[in-house]
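A.B. asks: Could you have a look at this structure, given as structure tokens, before my questions?
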Amino acid sequence: IYGITSFLFVVLSILGFCLETLPQVRGPTNITRQCNGETSESLQVMQSHDALNVIDVICTIFFTLELIARFIFAPQKLKFVRSLMNIIDLLALVPLYVQVILHSTDPEFCYLNERLVMEIMFILRIIRMFRIFHLVKHYQALKILVYAMKASIQELLMLAIFMIIAMLVFATMIYYAERKDATNASDSFNTIPMGFWWAIITMTTVGYGDVYPSSTIGYIVGAGCALSGVLLVALTIPVISNNFTLFYTHVRSRSSERRVSRTFQGGSEILEHHDPTNNFDRRSSNSSVVLETFMNGTVAVHKMNNPLYATLPYADRTSISDNGMEDDMDSDRTISRNGSFRTLDLTEPKPETRL
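Residue numbers (my numbering): 856 to 1210.
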């Protein structure tokens, strides 16, 4: 319930922030500004609709109470204060309270000194858009994406370094390739920093078309820039995709493990198991059980002190071999698979692992 409520308030806050920029929901308001002691002038400013202001106040109150409650119940207050998301939440709350204080003290101050104060407040209000990252705490798919990006920091850093090097090289090349003569630069590439922009949009295959080469040498440089960008991205992105796949299959396997672990109570096994050699079904208790999770999405149950044929559904059916059987000669177990089950024959007990 809390996750759904928080999600709705985040969406409502962002939606209100976007809608208040529409001219259709903003109305004119007349204010008077004193030019000097004797003269004054009338100004017309645009204000947000009252309904949007009410929504903004309600959302701010909710996020304020939420932040206070999370701080009170946080086991580590210092870690809570240092959290980036909590700092963002605090900064996102500041603008409305400052605006309320200014309106209560001087209603015209927000408009007459807009360049001095309110522009800073509006910039801080943009921070509320980062509240969307709160969804990471409530939705597993977003968590997987965050973990995959964290695991790919080295690859992303490598990609950034290569892109910067290529940007410097091709920006310099296109600057000199497009020069009119020895003393005059091109109208499109009049500086090397302008070449930075062109190199980035070319290597990422965006190609806005605002600047482009017009000489034969410039075409050759542009082709080399585009090909190098494709190669750099193509060699790096699959690594990130592979990390995402690994985390995704791991989360699936953990979910299967939790479903299996619900069948155990107080360390006793109440899982029905079947020994195909003796053709009997039974329930045994007072046994130590080990749940083993594999990165391909499978979960194995190991029972201590007795050979056990544990038959469980496994998550990833795409990893089945054609013959349906895999023998690990270096292991103490034989693994057989079919379309629905994974069977492990444990011939030796494994060390006890507590759930």
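Built from N, CA and C at the ideal position, the CB exists for glycine as well.
Bear in mind that the values here come from a model prediction, so they are computed numbers and not experimental data.
#1: In terms of residues, what are the limits of the alpha helix (DSSP H) holding LEU867?
#2: So does the segment 1042 to 1055 actually touch the segment 1018 to 1025, counting three or more Cβ pairs closer than 8 Å?
#3: Based on Cα-Cα distance, which residue from CYS1080, LEU945, GLN954, LEU1014 lies nearest to ARG986?
#4: Please list the terminal residues of the continuous alpha helix (DSSP H) segment that includes ASN1045.
#5: Less than 8 Å separating the beta-carbons of GLY1050 and THR1027?
#6: Look up ARG1034 in the DSSP assignment and say whether it is helix, strand or coil.
#7: Answer with buried or exposed for GLY1077, where buried requires no fewer than 16 other C-beta atoms within 10 angstroms of its C-beta.
#8: Among the candidates LEU990, ALA1089, VAL1066, THR919, whose CA atom is the shortest distance from the CA of TYR952?
#9: Which same chain residues end up closer than 6 Å to VAL1024 when comparing Cβ atoms and leaving out the 5 residues on each side of it in sequence?
#10: What is the rounded straight-line gap between the Cα of GLU1033 and the Cα of ASP1065?
#11: Could you check whether the segment 859 to 871 touches the segment 903 to 916, counting it as contact only if at least three pairs of C-beta atoms, one from each stretch, sit closer than 8 Å?
#12: For the candidate residues ILE1075, LEU1011, ASN1045, whose alpha-carbon lies nearest to that of ALA1089?
#13: For the alpha helix (DSSP H) that contains MET984, what are its first and last residues?
#14: Reducing DSSP to helix, strand and coil, say where VAL1009 ends up.
#15: Return the first residue and the last residue of the alpha helix (DSSP H) that VAL1066 is part of.
#16: When the Cα atoms are used, what is the spatial distance from GLN995 to PHE928?
#17: Quick check on this structure: which residue in VAL909, PHE1099, VAL1085, SER861 has the alpha carbon closest to the alpha carbon of MET1058?
#18: On the criterion of 16 or more Cβ atoms from any shown chain inside 10 Å, does PRO1068 qualify as buried, or is it exposed?
#19: Can you name, in chain order, every residue of its own chain whose Cβ lies under 6 Å from the Cβ of SER1043, other than the five neighbours on each side?
#20: Would ILE1095 pass as a contact of ALA1003 if the rule is Cβ separation under 8 Å?
#21: ARG1172 to THR1104, Cα distance in whole Å?
#22: Can you list, in chain order, the residues of its chain whose CB lies under 7 Å from that of ILE910, leaving out five sequence neighbours each side?
C.D. replies: A quick look at the data gives this:
#1: 857 to 874
#2: yes
#3: LEU945
#4: Unbroken run through ASN1045: none, as it is neither H nor E.
#5: yes
#6: coil
#7: buried
#8: THR919
#9: none
#10: 15 Å
#11: yes
#12: LEU1011
#13: First-last for MET984: undefined, no H or E at that position.
#14: Note on residue identity: the sequence assigns Gln, not Val, to residue 1009. Correct three-state label for GLN1009: helix.
#15: Unbroken run through VAL1066: none, as it is neither H nor E.
#16: 23 Å
#17: VAL1085
#18: buried
#19: VAL1066
#20: yes
#21: In this predicted model, ARG1172 has a pLDDT of only 37, less than 50, meaning its place in the structure is not dependable; the value taken from the coordinates is given anyway. Taking the straight line joining both Cα atoms gives about 12 Å.
#22: LEU867, GLY871
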